[in-house]
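Numbering (full-length UniProt numbering), first residue to last: 1 to 162. Just so it is clear, CB atoms sit at the ideal spot from N, CA and C, and this is done for glycine as well. Structure first, then comments.
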């Protein structure tokens, strides 16, 4: 088991992460998955879509699904203000928008700064956590955004994107 955790930490070491906030927590995703960051704009709702799928937007002629991560992770009622952004992701060739409270910076983490994700019964499944990145007093919850966005419960994405 220790070998698996060490290997996982080494694979992501020295990677750059885009840090964003949801509520009072800070998360990090691989910067290479980020296509662009946009201000939040009104989305077109899709009938019968799960609540966390806000709808779709037209991004330069491409219709992309937009997921509200606060709703997805049950982090209270989302508030849309001047800090709310949509991170446009490219996940295995599929374009997806992810609504977050704000984006702070891009951080490079070394192997020593990445700790294995603890096992805990939270709304945020540890299946989607790579680990915890520590930078001085800051802690980033590192998200495996590929795994999260292509998970079974997000399966609607394929239907929307089709």
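In the structure shown, the three-state DSSP call for residue 46 is coil. Our two residues, residue 23 and residue 80, have alpha carbons roughly 12 Å apart in a direct line.
Taking a 10 Å sphere around the C-beta of residue 58, we find fewer than 16 other C-beta atoms and assign the residue as exposed. The alpha-carbon separation between residue 114 and residue 77 amounts to approximately 30 Å. DSSP, reduced to helix, strand and coil, places residue 72 within a helical segment of the structure shown. Rounded to whole angstroms, the gap between the alpha carbons of residue 63 and residue 56 is 6 Å.
The stretch 126-136 makes no contact with the stretch 87-94: fewer than 3 CB pairs, one atom from each, lie closer than 8 Å.
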